[in-house]
Amino acid sequence: MHWFRKGLRIHDNPALIEALADCRYIYPVFCIDPHFACPDRVGVNRYSFLLECLHDLDQNLRTLGTRLYVIKGKPELEIPRFIRDHDVDLLTFERDTEPYATKRDSSIRDELVSSPSKGRKTVVVSSHCSHTIHDPEQYLSLCGGNIPRTYQSFIKLFEQASAPRIDLPPPTGDMVPDMSAADGCNSSYDVPALDEVGYAGFAPSRKYIGGETEALERLRRFVTAKERASWVRGFEKPSTSPNSIDPSTTVLSPYLKFGCLSVTKFYNELEKIVRGHEHSKPPVSLHGQLLWREFFYFSSYVTPNFDRMIGNPQCKQISWDRDAAIVRAWEMGQTGYPFIDAIMNQLRTEGWIHHLARHAVACFLTRGDLWQHWEEGVRVFDIYLLDDDWALNNANWQWLSASNFFYQYFRVYSPIAFGKKTDPTGEFIRKWVPQLATFPAKYIYDPWNAPLGIQRSSNCIIGTDYPLPIVDHDTASKTNMGKMKTAYQMQSSAAAEEVPRSTTAAKRRKADPVAPADGIEKKVNLTAFFKKSKS
DNA sequence: TTGGGAGTTGTTCAA
DNA sequence: GTTGAACAACTCCCA
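Each residue of the first sequence is one higher than the one before, starting from 563 at the first, in my numbering.
Structure (structure tokens):
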């Protein structure tokens, strides 16, 4: 049995290949987990995208002579049940390092390992790391407990790691056994419809279609097609537009999130395109984007409580507000800043927004303007993003709120000026904030400054048809900068007081309150921590 | 130990 | 239109 969770593909799937080797029957299984099938936590667009991935996977598996067996319920109960019912003796899956997944998987592993004691046959459990280029454990052992906190130092670690794997081709039909004796025609294992999994009455956008077939086609269209080579070689993320009507980047992130596209394959394809040519470099290149993903996965793996401020030793402790009405106004595109509202409307509607658009709205919600907790931003992005990824979402919110990784809190995005650079006439705003569709370009980023006559002739009275600004940006951002300064100072002095023995110890403690002063001890401590967290 | 340099992607204004 | 300084000054890394 191969259990699909992420990694919803047949290409470059080492765990699937292992399951297929010398098997009498093969059961490719996906379990609909009620933890995720929940509109409050996973928006309809992402769930619909997932079901499309499953349909595509089912089709691809049928071409090989088997199918996808979709079961429903808590995996901790349903996976062992399926294994018993189908007399499975080998379970394979792709390793998942998120806390929810590690807990789930170790519980299932424990249950299966204890099978003999319950009078059942032994089940071998085998997992493979293929969601990231390298196993985070490899980085951990290479760095010897000296965890990189910056992208550049992570790159050095990446360069010390083994060469990325050669990505595996999809299995062929002759690797799949005759499944006619298995219950492959049982329709109770079919991919369910949205309304069967708690999304009755929800209408997905379907702007981006899920699945491996679509992922590989998109990779071809945007990356590997001959005519794309110069674009790929010249790619620099900061010079792509956050507010173009058509996405200015590849939008492969949702496919990486679900593993419809292997990150290793993506990396190797990029290598082929840039090798022997002049090309952009990390951090801004396309390669660089995959290395950011790698860096944040590793950071999330080695940092306790990575999805929280409290208990997260790398995270600045800041007294953010939590005002439900303010967060809600931001979420629903009602801040009165058209650039911010347009982005949030695009997010809720289509599930994908440009990386720099994420920067703008995240800065606005936290240290820039509204002073709301970054965890609230994580929660909202968790609902709406197609590419929502636990490690990346939490890392980026910490970055943008200047809580971790990035500390130049005095660099604040302007909700008025930033978007003008790439869209001076406000076409993006006209599309996503239709009340402002006929507003003159001069005022479209700050419509409250338009004379009443212009508001009237544009059929949009600010304060009536579209909100007044929720805060004054100039005032709020200056006030917040002061709060950041105070928060940073308090953290420094608290750290210095905590360990007055030496400046080095104090500095280290400040950076990592749970770490012992000595590097070797730190390594031992980390190892102990991982053992503990795995168990 | 310490000081300087670098840091994915800020803004504004003057030259 | 482009470039560089000022804004006020952060942390991490490494020599």
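Here a beta-carbon is modelled for each residue, glycine too, at the ideal position from N, C-alpha and C.
Asked                                                                                                                                                                : Found
Are Tyr969 and Leu909 closer than 8 Å when you measure CB to CB?                                                                                                     : no
In chain order, what residues of the same chain have a beta carbon less than 7 Å from the beta carbon of Ile1016, not counting five sequence neighbours either side? : Pro1002 and Tyr1005
Among residues of its own chain, excluding the 5 on either side of Pro804, which ones have a beta-carbon nearer than 6 Å to its beta-carbon?                         : His916, Leu918 and Ala919
Roughly how many whole angstroms lie between the Cα atoms of Asn1042 and Arg1018?                                                                                    : 35 Å
For the beta strand (DSSP E) that Lys634 lies in, which residues bound it at each end?                                                                               : Tyr631 to Lys634
Could you give the DSSP three-state label for Trp994: helix, strand or coil?                                                                                         : helix
Between which two residues does the beta strand (DSSP E) containing Ile594 stretch?                                                                                  : Pro590 to Ile594
Within this structure, are the beta carbons of Lys983 and Tyr1007 separated by less than 8 Å?                                                                        : no
If the criterion is Cβ atoms closer than 8 Å, does the pair Ile905 and Val889 meet it?                                                                               : no
Which residues bound the beta strand (DSSP E) around Glu654?                                                                                                         : The displayed chain sequence assigns Thr, not Glu, to residue 654. Element bounds for Thr654: Leu652 to Glu656.
Pull up the distance between the alpha-carbon of Glu656 and that of Ala886, whole angstroms please.                                                                  : 38 Å
With DSSP as the reference, label Tyr971 as helix, strand or coil.                                                                                                   : coil
Looking at the unbroken alpha helix (DSSP H) that takes in Phe521, where does it start and where does it end?                                                        : A question about residue 521 goes unanswered here, because the residues of the chain that appear run from 563 up to 1097.
Name the residue from Val632, Ser815, Pro637 and Val687 whose alpha carbon lies nearest to the alpha carbon of Ala577.                                               : Val687
How about the region 961 to 979 and the region 871 to 879: do they share at least three Cβ pairs that are nearer than 8 Å?                                           : yes
Tell me whether Asp944 sits in a helix, a strand or coil according to DSSP, three-state version.                                                                     : helix
Is the beta carbon of Thr826 less than 8 Å from the beta carbon of Ile695?                                                                                           : yes
With DSSP as the reference, label Ile572 as helix, strand or coil.                                                                                                   : coil
On a Cα-Cα basis, can you pick out the residue from Ala1057, Ala599 and Lys568 that is closest to Val759?                                                            : Ala599
Leu781 and Glu833 - do their beta-carbons sit closer together than 8 Å?                                                                                              : no
Going by beta carbon distance, what residues of the same chain come within less than 8 Å of Leu853, once the five residues before and after it are set aside?        : Tyr713, Phe716, Ile717, Phe720, Pro844 and Pro845
Whose C-alpha, out of His849, Pro986, Gly821 and Lys788, is nearest the C-alpha of Lys799?                                                                           : His849
What are the boundary residues of the alpha helix (DSSP H) that includes Trp933?                                                                                     : Here Trp933 belongs to no alpha helix (DSSP H), and DSSP marks it neither H nor E.
Take Tyr631 as the anchor and find which of Tyr761, Glu840, Ser806 and Met741 has the nearest alpha-carbon.                                                          : Met741
Classify Val686 as helix, strand or coil using the three-state DSSP reduction.                                                                                       : strand
Over the uninterrupted alpha helix (DSSP H) stretch that includes Trp892, give me the two end residues.                                                              : Ala886 to Glu893
Tell me which residue opens and which closes the beta strand (DSSP E) that Phe566 is part of.                                                                        : His564 to Phe566
Distance, Cα to Cα, Met737 vs Met563?                                                                                                                                : 14 Å
Please name the residue in Glu840, Ile1023, Gly838 and Ala777 whose C-alpha comes closest to that of Ser815.                                                         : Ala777
Is the region 808 to 823 close to the region 564 to 575, with three or more CB pairs under 8 Å?                                                                      : yes
Using C-beta distances below 8 Å, list every residue in its chain close to Pro601, excluding the 5 sequence neighbours before and after it, in chain order.          : Tyr609, Gly760, Tyr761 and Phe764
Please state whether DSSP places Tyr1028 in a helix, a strand or coil.                                                                                               : strand
State the DSSP-derived secondary structure class of Leu852, mapped to helix, strand or coil.                                                                         : helix
Along the alpha helix (DSSP H) that carries Phe644, what are the first and last residues, could you check?                                                           : Pro637 to Asp647
Over the uninterrupted alpha helix (DSSP H) stretch that includes Cys691, give me the two end residues.                                                              : It is not in any alpha helix (DSSP H) - Cys691 carries neither H nor E in the DSSP assignment.
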